[in-house]
């Protein structure tokens, strides 16, 4: 199957953002919302990815690692499965990917912890094109869109 052209690819990406933001507006947490964006690629039905991410909102209820980051790491792990015939190498590769995603998120927002992100909204002014196109102003929605964008970027690098 040929790769989608740039316009089609952009439409698919914008649909991912819309899906994620719609899930969040319906009351799903940041982790579930990021997973929703990639449902078509995860091989999970709606009920399963919602269950999978349900305990990770609000930094898993402790204010720690942002749920949008958690959902992004889960999505990457599910879309880029490792070769578990060598579990040590598989783990190292997954952890490296997770660290790269977290670095990108932290560079943008200054923090990874949900509690700190909710107090310091400094990353919002550096809105991505998707955030601008969607007119997002809700801080969690901005972070969800950024997490979706980072997943897209890392997936592209893996290709």
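In my numbering, the protein residues as written are 6 to 164.
C-beta atoms are modelled at their ideal positions from N, C-alpha and C, and glycine is treated no differently.
Nearest-angstrom Cα separation, counted from residue 24 out to residue 31:
Residue mapping note: residue 31 aligns to position 26 of the chain shown, counting from 1. Residue mapping note: residue 24 aligns to position 19 of the chain shown, counting from 1. One C-alpha to the other measures close to 11 Å.
Can you tell me whether residue 43 is buried or exposed? The criterion is at least 16 other CB atoms within 10 Å of its CB, across all chains shown.
Looking up residue 43 in the chain shown gives position 38. With 16 or more other Cβ atoms within 10 Å, it is buried.
Taking only the alpha-carbon atoms, compute the straight-line gap between residue 150 and residue 163 and give it to the nearest angstrom.
Reading the chain shown from its first residue, position 145 is the one you call residue 150. Reading the chain shown from its first residue, position 158 is the one you call residue 163. C-alpha separation (whole angstroms): 20 Å.
Inter-residue spacing [alpha-carbon to alpha-carbon] between residue 155 and residue 80
Here residue 155 corresponds to residue number 150 of the chain shown, with the count starting at 1. Here residue 80 corresponds to residue number 75 of the chain shown, with the count starting at 1. Their backbone Cα atoms lie some 11 Å apart in a straight line.
Reduced DSSP secondary structure (H/G/I, E/B, other) of residue 89
If you number the chain shown from 1, residue 89 lands on position 84. Residue state, collapsed to three classes: coil.
Whether residue 41 touches residue 54 by CB criterion (8 Å)
Numbered from its first residue, the chain shown carries residue 41 at position 36. Numbered from its first residue, the chain shown carries residue 54 at position 49. Taking 8 Å as the Cβ cut-off, residue 41 and residue 54 qualify as a contacting pair.
Under the assumption that residue 117 contacts residue 71 (Cβ atoms under 8 Å), give the Cβ distance between them as a whole number of angstroms.
For the purposes of this step, residue 117 is taken as the residue at position 112 of the chain shown. For the purposes of this step, residue 71 is taken as the residue at position 66 of the chain shown. Contact between residue 117 and residue 71 holds, since their C-beta atoms are separated by about 6 Å, short of 8 Å.
Cα-Cα, which of 119, 83 and 122 is closest to residue 45?
Here residue 45 refers to the residue found at position 40 of the chain shown. The residue with the shortest Cα to Cα distance from residue 45 is 83.
Looking at the unbroken alpha helix (DSSP H) that takes in residue 56, where does it start and where does it end?
Residue numbering aside, residue 56 sits at position 51 when the chain shown is read from its first letter. Its alpha helix (DSSP H) spans residues 51-58.
Alpha carbon to alpha carbon, how far is residue 22 from residue 153?
Reading the chain shown from its first residue, position 17 is the one you call residue 22. Reading the chain shown from its first residue, position 148 is the one you call residue 153. Cα to Cα, residue 22 sits roughly 7 Å from residue 153.
For residue 118, which three-state DSSP category applies?
Counting from 1 along the chain shown, the entry for residue 118 is found at position 113. The answer is strand: DSSP assigns residue 118 an E or B state.
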